[in-house]
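**Student:** For the sequence shown, UniProt numbering assigns the number 1 to the initial residue and increments by one for each residue that follows.
All C-beta atoms, glycine included, are put in the ideal place defined by N, C-alpha and C.
All figures in this text were calculated on a predicted structure; none of them were measured in a lab.
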Amino acid sequence: MTTENIYILGIESSCDDTAASVLLNGRVLSNVVASQKIHEEYGGVVPELASRAHQKNIVPVVAQALKKAGITKNELQAVAFTRGPGLMGSLLVGTSFAKSLAFGLDIPLIDVNHMQAHILAHFIEEADFTKPPFPFLAMTISGGHTQIVEVSSYFDLKVIGETIDDAVGEAFDKSGKILGLGYPAGPEIDKRAKLGNPKAFKFTKPKVDGLNFSFSGLKTGILYFVQRETKANPNFVEENLNDICASIQYTIIGILIDKLKLATKQTGINHIAIGGGVSANSGIRQALKDGEQKFGWTTYVPKFEYTTDNAAMIAIVGYLKYLEGHFSEQDITASSRLKI
Ligand code: KG4
Ligand code: ZN
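1. On the three-state DSSP scale, how would you describe Phe129?
2. Please indicate yes or no: does the CB of Gly94 lie closer than 8 angstroms to some heavy atom of the ligand ZN?
3. Please state the DSSP three-state secondary structure of Ala334.
4. For the segment 263-324, list the alpha helix (DSSP H) runs that are entirely contained and at least 4 residues long, ordered along the chain.
5. What is the C-beta distance between Lys194 and Ser282, in whole angstroms, given that I count them as a contact (C-beta under 8 angstroms)?
6. Would you kindly work out how many angstroms separate the C-alpha atoms of Asp166 and Ser214, rounded to a whole number?
7. Near Leu49, what residues of its chain come up, given a Cβ to Cβ distance below 6 angstroms and the 5 sequence neighbours on each side ignored?
8. Which residue wins for smallest C-alpha separation from Leu109, given the options Ile71, Gln116, Thr95 and Ile253?
9. Give me the residue from Val62, Ala280 and Thr333 with the minimum Cα distance to Lys191.
10. So, at 6 angstroms on beta carbons, what are the nonlocal neighbours of Glu40 in its own chain, with the 5 sequence-adjacent residues on each side left out?
11. Checking 9 angstroms against the spacing of the C-beta atoms, do Ser13 and His54 come in under that value?
12. How big is the Cα-Cα spacing for Ile252 and Val168?
13. Look up Tyr7 in the DSSP assignment and say whether it is helix, strand or coil.
14. Report all residues from its chain with a CB closer than 6 angstroms to the CB of Asn25; omit the five preceding and five following residues, and keep chain order.
15. Heavy atom of the ligand KG4 less than 8 angstroms from the Cβ of Gly221, yes or no?
16. Roughly how many angstroms separate the alpha carbons of Val46 and Glu4, rounded to a whole number?
17. On a Cα-Cα basis, can you pick out the residue from Glu305, Gly254 and Leu320 that is closest to residue 359?
18. Rounded to whole angstroms, what is the Cα-Cα separation between Val33 and His122?
19. Where DSSP assigns a beta bridge to Ile110, which residues make up the other side?
20. What three-state label does DSSP hand Leu181 in the structure shown?
21. Could you give the first and the last residue of the continuous beta strand (DSSP E) run that contains Asn31?
22. Please list, in chain order, all residues of the same chain as Thr146 whose beta carbon is under 6 angstroms from its beta carbon, the five residues on each side excluded.
23. In three-state DSSP terms, what is Ser96?
24. Per DSSP, what kind of secondary structure is Asp17 in: helix, strand or coil?
25. Give the single residue among Ala78, Phe129 and Gly89 whose Cα lies nearest to the Cα of Asp106.
26. Since Gly161 sits in a beta bridge, which residues does DSSP pair it with?
Following this line, the structure appears as structure tokens:
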């Protein structure tokens, strides 16, 4: 047990959020995120614009994180950064900045896998939060990822299922686009789903073996359905929007829960931790709660600010690696397809 005060700076720049966070012994002192609104105009993340925005934001965001934490950069013990996976141009900004800062301060540099960070976000020190016990299953669901991982320890993680095409967040966002909703459409579909009938329309679930996912067929199914119905009634979407949203959400949640049921059966593990932006969805939260009653699961959902892309999750992995002395060399490079 250390009595030393360990300050870690985490830096995240894998997609369209520039984020920095300072942790003291695993507890969050600051968690700053600059989200890039520019992509909303394009209906999705534009990589080139994301890199430029990171370039602009990175120094002010880090300065703000240090200021909010009430420390100077000279008090940091290490700099942790997202090495991958993500958009290469975006990763390069955070990676280069982190390397330079660690070099300038002459402190350890720690590379972090973004997917591992989504999972280990559950280990951020928080009052009133129960951490999942090992082993547990982690389901990471966001605009960029859909994975089920068997977690045996902080550093022993095995991907047992993942999407073979679109991520689940993309299924929400692309369906929303077909319905004429803004980007990202997930929150709006969630809101409307509460007012609609989830069984009004039936969409075919993909048939994918094992624990892998597929969402691109569902998107195409929804597109054909909308085209067909609008031909018969041009006002079909606006007259049935809440029911369509409820039915889409019901189908997506059904896909996720079916795979979780299979994963718990295959592994014998009933502790399930979720993360990623889609874990904000009220329907998935309810379905997980129901799973506690129906299937004997225990489920874990972190605070919202630690489920979407953030740097506190990068810093917690940095802290855990720091305690083990897992440091990176200065010649490390960003890796857009980094695996867990
Ligand atoms: O983790 P995140 O902020 O960024 C990454 O994709 O890495 O996740 C964003 C995704 C978007 O696809 C968005 O539509 C979805 O999460 N999302 C939701 C909800 N809130 C955000 N999807 C369904 N229901 C929600 N309430
Ligand atoms: Zn992410």
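**Tutor:** With the given structure in hand:
1. coil
2. no
3. coil
4. 282-295 and 312-324
5. 7 angstroms
6. 7 angstroms
7. Ile38
8. Thr95
9. Ala280
10. Tyr183
11. yes
12. 8 angstroms
13. strand
14. Ile6
15. no
16. 43 angstroms
17. Nothing about residue 359 can be reported from this structure: the residues present for the chain run from 1 to 340 only.
18. 19 angstroms
19. Ala80
20. coil
21. Arg27 to Ser35
22. Thr163, Ala167, Val168 and Phe213
23. helix
24. strand
25. Ala78
26. Ile148
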